[in-house]
Amino acid sequence: GERGVERKVRSVRASGSVKYYEGDKGAERRVRAVLANGNVQYYEGEQGAERMVRMELADGSVQSFEGERGAERMVRVESANGNVHYYEGEQG
Numbered sequence: 017g018e019r020g021v022e023r024k025v026r027s028v029r030a031s032g033s034v035k036y037y038e039g040d041k042g043a044e045r046r047v048r049a050v051l052a053n054g055n056v057q058y059y060e061g062e063q064g065a066e067r068m069v070r071m072e073l074a075d076g077s078v079q080s081f082e083g084e085r086g087a088e089r090m091v092r093v094e095s096a097n098g099n100v101h102y103y104e105g106e107q108g
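Okay, structure coming up:
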């Protein structure tokens with residue numbers, strides 16, 4: 017980017033995971049993480065309050081989450097075979 021306004025867009029870890037960011041310099045927020053095991057996590061929220069809302073597993077299953085950062089709870093799982101499971105209750 018232009019000098020003085022460079023912003024973080026990607027972070028590559030030694031473990032093989034890659035985190036992706038959006039936002040202006042100083043307000044970058046994580047929007048996606050590709051883990052070494054093939055799972056992909058998606059995030060919403062402002063910097064410091066990012067919460068996971070979805071995870072696509074390497075086996076093709078998709079998990080959906082609700083709740084604030086640190087208290088995310090799984091509410092839905094769509095299995096690779098097409099079965100859909102719904103969950104209620106607090107994280108635990």
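In the working numbering, each residue carries its 1-based index in the sequence shown increased by 16.
Using N, Cα and C, we set each Cβ at its ideal position, and we do this for glycine too.
None of these values were measured; they are calculated from a predicted model.
Original post:
What are the start and end residues of the beta strand (DSSP E) that includes R26?
Top reply: Along the sequence shown, one-based indexing puts residue 26 at 10. R26 to V28 is the span of the beta strand (DSSP E), which, as asked, contains R26.
Subject >> A52 burial status per 10 Å Cβ neighbour count (16 or more: buried) >> reply: Walking along the sequence shown from the start, residue 52 turns up at place 36. So A52 counts as exposed.
Original post:
Roughly how many angstroms lie between the CA atoms of R29 and Y102, to the nearest whole one?
Top reply: Position 13 of the sequence shown, counted from the first residue, corresponds to residue 29. Position 86 of the sequence shown, counted from the first residue, corresponds to residue 102. Using only the alpha carbons, I get a separation of about 33 Å.
Original post:
In the DSSP assignment, what residue or residues form a beta bridge with V78?
Top reply: The residue you call residue 78 lines up with position 62 of the sequence shown. Paired residue(s): E72 and E94.
Original post:
If you run the structure through DSSP and keep just helix, strand and coil, what is K41?
Top reply: For this step, residue 41 is matched to residue 25 along the sequence shown. It is coil, neither helix nor strand.
**OP:** Quick one: using the 10 Å Cβ neighbour count with 16 as the cut-off for buried, is R46 buried or exposed?
**Re:** Translated into positions along the sequence shown, residue 46 becomes position 30. Buried is the call here.
Original post:
Among the residues of its own chain, which have a CB less than 8 Å from the CB of E82, if the five just before and after it don't count?
Top reply: If you number the sequence shown from 1, residue 82 lands on position 66. If we look at E82 and ignore the five residues flanking it on each side, its Cβ neighbours are V69, E88, R89 and V91.
**OP:** Measure the C-alpha to C-alpha separation of G32 and G42 and round it to an integer number of angstroms.
**Re:** Along the sequence shown, read from residue 1 onward, the residue named residue 32 stands at position 16. Along the sequence shown, read from residue 1 onward, the residue named residue 42 stands at position 26. Straight-line Cα distance between these residues: approximately 25 Å.
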